[in-house]
Amino acid sequence: MATTIPITKRGAEKLREELHRLKTVDRPWVINAISEARAQGDLSENAEYEVAKDRQGFIEGRIQEVEGKLSAAQVIDPTELDAGGKVVFGSTVELEEEESGEAVKYQIVGEDEADLKLGLINISSPIARALIGKEEGDTAEVQAPGGLKRYEIVAVRYL
Numbered sequence: 223m224a225t226t227i228p229i230t231k232r233g234a235e236k237l238r239e240e241l242h243r244l245k246t247v248d249r250p251w252v253i254n255a256i257s258e259a260r261a262q263g264d265l266s267e268n269a270e271y272e273v274a275k276d277r278q279g280f281i282e283g284r285i286q287e288v289e290g291k292l293s294a295a296q297v298i299d300p301t302e303l304d305a306g307g308k309v310v311f312g313s314t315v316e317l318e319e320e321e322s323g324e325a326v327k328y329q330i331v332g333e334d335e336a337d338l339k340l341g342l343i344n345i346s347s348p349i350a351r352a353l354i355g356k357e358e359g360d361t362a363e364v365q366a367p368g369g370l371k372r373y374e375i376v377a378v379r380y381l
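Residue numbers (the numbering used here): 223 to 381.
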């Protein structure tokens with residue numbers, strides 16, 4: 223039985239867009255570049271040909287990777303979640319670090335969507351694992367590189 227990979231609706235759409243671009247823009251471009259390089263003659267000393275072939279290998283590999291991820295994806299729409307106020311995959315959590323009082327907001331997403339600068343944290347990250355299952359008002363302890371941090375969960379939303 224194949225394992226499923228949780229991904230938000232937004233994340234799945236981004237993967238579909240990337241796959242479309244790879245197939246309709248990047249693949250035809252590299253095929254054309256290979257044709258042009260072949261037309262230049264001797265392939266054994268043709269750097270453009272080698273670069274184009276390498277690029278083609280990367281594109282084809284990425285197409286397979288994205289198709290595999292999409293076929294294994296379990297798409298979750300956070301707006302349709304009914305988790306009773308608990309922190310679950312896809313939820314957006316507002317936290318306050320107890321020691322400093324610093325407020326942060328994260329959405330728990332899949333591996334391919336994670337981007338800390340945008341507040342998107344990987345479901346398997348230490349902070350996400352510490353938050354899962356907790357509710358507003360609870361405290362989560364996270365072993366961070368700088369030591370143990372305690373966060374109070376201020377709000378849990380399904381956006």
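C-beta atoms are modelled at their ideal positions from N, C-alpha and C, and glycine is treated no differently.
Simplified DSSP assignment, three categories, for residue i
i       : result
Glu-318 : strand
Asp-332 : Residue 332 is actually Gly in this sequence, not Asp. Gly-332 falls in the coil class under three-state DSSP.
Leu-338 : helix
Thr-225 : coil
Ala-234 : helix
Cβ shell of residue i (< 7 Å), same chain only, five flanking positions each side left out
i       : result
Lys-371 : Glu-319 and Val-364
Leu-381 : Pro-300, Thr-301 and Thr-314
Ile-227 : Lys-291, Ala-294, Ala-295, Gln-296 and Gly-332
Residue i: first and last residue of the uninterrupted alpha helix (DSSP H) it sits in
i       : result
Glu-363 : Run containing Glu-363: none in the alpha helix (DSSP H); it sits in the beta strand (DSSP E), 361 to 366.
Gln-296 : Looking at the DSSP string, Gln-296 is not in any alpha helix (DSSP H); the run it does join, the beta strand (DSSP E), is 295 to 298.
Residue closest to residue i, alpha-carbon to alpha-carbon, out of the options
i       : options                               : result
Ala-366 : Gly-332, Ala-352 and Glu-272          : Ala-352
Gly-359 : Tyr-373, Ser-347 and Pro-348          : Tyr-373
Gln-329 : Glu-321, Leu-244, Phe-311 and Ser-322 : Phe-311
Arg-238 : Asp-334, Ala-255, Leu-303 and Ala-269 : Asp-334
Gly-307 : Gly-341, Gly-279, Gly-355 and Ala-269 : Gly-355
Delimiting residues of the beta strand (DSSP E) encompassing residue i
i       : result
Ile-354 : Segment: none, Ile-354 is in no beta strand (DSSP E) and carries neither H nor E.
Gly-369 : 369 to 379
Spatial neighbours of residue i in its chain, beta-carbon cut-off 8 Å, leaving aside the 5 residues before and after
i       : result
Leu-244 : Ile-281, Arg-284, Ile-285 and Val-288
Query raised in the report: In chain order, which continuous runs of the alpha helix (DSSP H) of length 4 or greater are located wholly inside the region 238 to 299?
Result: Listed in chain order, the complete alpha helix (DSSP H) runs (minimum 4 residues) inside the region 238 to 299 are 249 to 260 and 269 to 294.
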